[in-house]
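Scroll down for the structure; my scribbles are underneath it.
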Amino acid sequence: MGNEEAAILADWAYDCYRQGRLNALVNDDEEVMSDLRTFERFLKVAIWCIQEDPSLRPPMKKELIHSVSFSAISIGRRCPQASTTYTLQHSTTGVYIILTQTHTNISLDSSLSTHPPPKPPPHGPPPPETSPSDSFPCPTIPLFLLAIYINNIPEKTIVWSANGDNPVPAGSKVTLTSNGQLVLSDPNWRQTWTSNNGGGGVTHAAMLNYWNFVLATANSSNNAWESFSFPTDTILPSQELGLGSALFAHITETNYSSGRLGLFRSPKQYCVQRYGEGV
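Each residue of the sequence shown is one higher than the one before, counting from 898 in my numbering.
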């Protein structure tokens, strides 16, 4: 789309907004129309962000970064005896546990725990589910990811995860230790993931612009660790894929294990590979 076409489209969207004809922008899409207030809010922000005068545009930290949280996200694993497929659970009972809002620094010795496994009812646990072939019991086991996701959009979009290949069970804890390391441990206190930054000089943790979570030092230009340096499956604005780094597409929309397709950066080029074979 050229600049002239984009300008015409933006003007038309603004006219529809002023005239109260938001339905025309989405062709009367039922899903969007069912939550028109949210759509109107996003449209206003979009119009605000494309002002010709840059001084009239909102600061990114104010309009975008407030919608991001660093979170432990519950997932479930079905039939562990038969497969390693992970499925995202959507829950209304506090499954998404917020560690911090982006405007708040996290002090050393802070921690967050997932909910412990529920106790079985007095009359005993419910009967287990069965495998697809109904050949053996198949319990559902709640598991968790430590992840960064974009919050204030219709679908919470995960843009980074620490332990996609190794989800942890309920009762696990993420801690910013007194020596400045970020540690994820299971209910038995076994470390399943760590930032492995040595911890020296860390004063706090914080979410910076464009969803970059950092372990900050007194020298604001030199972070001890940052999620931008360890991309998983997403490159965000202002983020670079360093030499020797790689992105791996997760297996499915609900399985955050590293998939077969990867994007690698060499000194001369970017290379897309599937299990080591050029594509």
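Cβ coordinates follow ideal geometry from the N, Cα and C atoms, glycine included.
Owing to the predicted nature of the structure, the values given are computational and were not obtained by experimental measurement.
Enclosing alpha helix (DSSP H) for residue i [first to last residue]
i: residue 921; result: 919-922
Beta carbon of residue i nearer than 7 Å to that of residue j
i: residue 1058; j: residue 1011; result: no
i: residue 1125; j: residue 1109; result: yes
i: residue 1158; j: residue 1075; result: no
i: residue 1111; j: residue 1119; result: no
i: residue 1139; j: residue 1148; result: no
i: residue 1162; j: residue 1142; result: yes
i: residue 933; j: residue 914; result: no
i: residue 1085; j: residue 1122; result: no
Whole-number beta carbon distance between residue j and residue i, since they are thought to touch under 8 Å
i: residue 1102; j: residue 1115; result: The pair is not a contact, with the Cβ atoms about 14 Å apart (cut-off 8 Å).
i: residue 1080; j: residue 1072; result: 5 Å
i: residue 1089; j: residue 1063; result: 6 Å
i: residue 1042; j: residue 1153; result: 6 Å
i: residue 1144; j: residue 1160; result: 4 Å
i: residue 1055; j: residue 1044; result: 5 Å
i: residue 1061; j: residue 1129; result: 6 Å
First and last residue of the uninterrupted beta strand (DSSP E) at residue i
i: residue 1153; result: 1152-1162
i: residue 1109; result: 1109-1114
i: residue 1086; result: Run containing residue 1086: none; DSSP gives neither H nor E here.
i: residue 1143; result: 1143-1149
i: residue 1101; result: 1099-1105
i: residue 1070; result: 1070-1073
i: residue 1010; result: 1007-1010
i: residue 1135; result: Here residue 1135 belongs to no beta strand (DSSP E), and DSSP marks it neither H nor E.
i: residue 1055; result: 1054-1058
Interface flag, residue i vs chain B, CB-CB below 7 Å
i: residue 927; result: The structure shown contains no chain B, having only a single protein chain.
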